[in-house]
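For reference, the structure is listed below as structure tokens.
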Amino acid sequence: MKDRLVIFDTTLRDGEQSPGASMTKEEKIRVARQLEKMRVDVIEAGFAAASPGDFDAIRAIAESIRESTVCSLARANEKDIQRAGEAIQPAAQKRIHTFIATSPIHMEKKLRMSPDQVVEQAVKAIGWARQYTDDVEFSAEDAGRSELDFLCRIFEEVIKAGATTINVPDTVGYNFPNQFAETLRQVIARVPNSDKVVWSVHCHNDLGLAVANSLSAVLAGARQVECTINGLGERAGNASLEEVVMAVRTRPDIFPVETRIDTTQIVPASKLVSQITGYPVQPNKAIVGANAFAHESGIHQDGVLKHRETYEIMRAEDVGWTQNKLVLGKHSGRNAFKSRLSELGIVLEGDEALNAAFARFKELADKKHEIFDEDLQALVSDETVTPAQEHYKLIYSQVCSETGEVPHSRVTLTVGGLERKAESDGSGPVDATFKAIEQMVQSGGELLLYSVNAITTGTDAQGEVTVRLSKGGRVVNGQGADTDIVVASAKAYLNALNKLHSCSGKVNPQGDV
Ligand code: KIV
Ligand code: ZN
């Protein structure tokens, strides 16, 4: 029997700390449902004290997730831990993850606390957290640059106080695999009560070593890895879930552990997170990149055709790559539509949302004869916007774009329910449309990113547009999909504006104690 490797996903917390990757509550719930379907053990749903929006999202996830443990991050102070405890309260299985920095530089310069004070605060934090749940994780922030003796001391104390998982983060991605493995080996050997807890690692990718460091820690005794879909995360990101999981699965001869992940859900999770955050996946990214299983050279193609394993160590279908599958057409009925959505794990709340999505499906099926799963995913993202969040709504758009002429756009919107019209020239049809929208909205937002992707193949494919806007320190992503890319662009722009209109500020968890 192999040991279980606990997969702790922090896409919704550390992943969301990537610049511009913020997600709405509805988007977080969709990601959490996909993580649950993938059989992730622990979902870190956010940092409850960061903002009321984060609190609400964690609570909503705690209400809807049944199979995975739902966790909130909390600094080692009573107020944060209370917020975390309240947010996860409805969960079937709940965890509080509390942390404090332990490296000399963080204790002295950031916390301005002595090592004794840090130990005392950490022990108190575990006591507060245990009032809400028996499942309490402690992280020594910047453990990768902390002194070994001090790590052993604080870990022994927090285990005595009731911590059940001890996490060793390489917060700034400074470690090397052999060195990090040695740290794990040493703490496990030297902390007298180390057998009472699960040892965990959380590695950042600043030197491109997050996965290598995590895996070497597993060989040294770690039994939980903290990771994110597509390696999303603060700065250069975290260890990528798909790479960790597939390494362990592909090399059972090396790893004495196994995960319970349903690997066929990896690619759908990757696509969902990329679509929601607007972070594209590089084509040559391991496991989930578009080229990860594409064999270009004749020699490789010939080899794979003769015997797949000549050049393939994993099967594309095992990680969820499928051919674009025709799933529905214009004659498909409401029941077929509903049951395909439920096979994809998409739940629309109430008949109204289902009817609206079905009407949009029929409209799309008129323009585009073959509807694929990817089309349904995009269509449903539009339907998860509730009317209350739709302060700005596109009613009509028309563009004139002729060779040698200046493109011109006319747009009609509702703004808070009232109809408005504007028109503008621009350097292209999208530019003209955005300018017309800005005339009405005057958001003053700065456009950080505009990107278009074809959702499926063919010239009748829907274009999926991501617009990233920033205003007053807030960064949001808007998405829109349509077979007409100017309409998709207008929808994405309005989606971003609606998010700016509704979201509130939040604090950075790693700022203070
Ligand atoms: O990188 C880090 O140290 C963290 C902790 C909060 C675990 O994200
Ligand atoms: Zn981190």
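Numbering of the sequence shown is given in this note's numbering, commencing with residue 385 and proceeding in unit increments.
Positions of the beta carbon are idealized from the N, C-alpha and C atoms, including for glycine.
Here the structure is a predicted model, which is why all the values come from computation and not from measurement.
Member of the options whose CA lies at the smallest distance from the CA of residue i
i: Gly662; options: Leu396, Gly404, Asp398, Leu389; result: Gly404
i: Glu334; options: Ala670, Tyr877, Ser886, Glu531; result: What the structure shows of the chain is the stretch from 385 to 897, and residue 334 is not part of that stretch, so it cannot be assessed.
i: Ile869; options: Thr647, Thr817, Leu881; result: Thr817
i: Ile472; options: Thr549, Glu733, Thr395, Phe439; result: Phe439
i: Gly430; options: Asp809, Glu618, Lys412, Val672; result: Lys412
i: Pro553; options: Gln823, Gly621, Asp500; result: Gly621
i: Val836; options: Ser873, Lys805, Gly810; result: Ser873
i: Pro436; options: Glu693, Glu470, Ala509, Asn461; result: Glu470
i: Ala475; options: Ile484, Lys494, Ile442, Gln501; result: Ile442
i: Gln570; options: Asn589, Tyr558, Ala527; result: Ala527
i: Glu701; options: Pro664, Leu725, Gln649, Gln666; result: Gln649
i: Glu504; options: Val520, Ile538, Asp518, Pro576; result: Ile538
i: Ser654; options: Thr395, Ile697, Leu763; result: Thr395
i: Arg699; options: Leu833, Val851, Val672, Lys386; result: Val672
i: Gln905; options: Phe534, Ser723, Leu568; result: Since the first residue shown for the chain is 385 and the last is 897, residue 905 is missing from the structure and cannot be characterised.
i: Val632; options: Leu568, Leu616, Ser681, Ile697; result: Ile697
i: Ala573; options: Ala547, Leu532, Asn589; result: Leu532
i: Glu566; options: Asn597, Asp579, His586, His588; result: Asn597
i: Asn562; options: Val814, Ser600, Pro664; result: Ser600
i: Trp705; options: Leu802, Arg724, Ala838, Ala674; result: Ala674
i: Val657; options: Ala433, Phe522, Ala416, Ala623; result: Ala416
Sequence-distant residues of the same chain with beta carbon closer than 6 Å to residue i, five excluded per side
i: Val424; result: Ile391, Asp393, Ser452
i: Gly810; result: Pro791, Ala816, Lys819
i: Leu419; result: Asp393, Ile427
i: Val849; result: Val836, Gly864, Ala872, Ser873, Ala876
i: Leu833; result: Arg852
Simplified DSSP assignment, three categories, for residue i
i: Pro813; result: helix
i: Phe756; result: strand
i: Trp705; result: coil
i: Val571; result: helix
i: Ser598; result: helix
i: Ser406; result: coil
i: Glu610; result: strand
i: Asn719; result: helix
i: Lys669; result: coil
i: Ile550; result: strand
i: Asp579; result: helix
i: Phe677; result: coil
i: Thr482; result: strand
i: Asp686; result: helix
i: His792; result: strand
i: Gly430; result: strand
i: Arg459; result: strand
i: Asn879; result: helix
i: His804; result: The residue asked about is misnamed: residue 804 is Arg in this sequence, not His. Correct three-state label for Arg804: strand.
i: Phe742; result: helix
i: Gly864; result: strand
i: Thr694; result: helix
i: Gln846; result: coil
i: Leu797; result: strand
i: Gln466; result: helix
Test item: CB-CB of residue i and residue j under 9 Å
i: His627; j: Pro636; result: The sequence given here places Glu at residue 627; His does not occur at that position. No; because the gap between Cβ atoms is not below 9 Å, this pair is not in contact.
i: Leu593; j: Cys611; result: no
i: Arg459; j: Val426; result: no
i: Glu618; j: Asp464; result: no
i: Val581; j: Thr549; result: yes
i: Ala806; j: Gln782; result: no
i: Ala446; j: Thr482; result: no
i: Val609; j: Phe639; result: no
i: Ile613; j: Asn577; result: no
i: Gly862; j: Leu881; result: yes
i: Thr867; j: Glu758; result: no
i: Ser793; j: Ile660; result: no
i: Val825; j: Tyr776; result: yes
i: Ala676; j: Ser716; result: no
i: Lys883; j: Ser406; result: yes
i: Leu616; j: Ser402; result: yes
Neighbourhood of residue i by C-beta distance below 8 Å, restricted to the same chain and skipping five residues each side
i: Ser498; result: Met491
i: Arg450; result: Glu420, Ala476
i: Leu712; result: Ala720, Phe721, Arg724, Phe745, Ala749, Ile755, Leu760
Proximity test, Cβ basis, 9 Å: residue i and chain C
i: Val575; result: Reference to chain C is not applicable here, since this structure consists of a single protein chain.
Cβ-based neighbour list, residue i, same chain, cut-off 7 Å, excluding 5 preceding and 5 following
i: Ser530; result: Thr486, Ser487, Ala524
i: Cys784; result: Pro791, His792
i: Pro813; result: Val783, Ser785, Pro791, Ser793, Val870
i: Leu591; result: Gly557
- Query: How about the segment 780 to 793 and the segment 750 to 759: do they share at least three Cβ pairs that are nearer than 8 Å?
  - Reply: no
- Query: Taking one C-beta from the segment 731 to 749 and one from the segment 682 to 691 each time, how about it: are there three or more such pairs within less than 8 Å?
  - Reply: no
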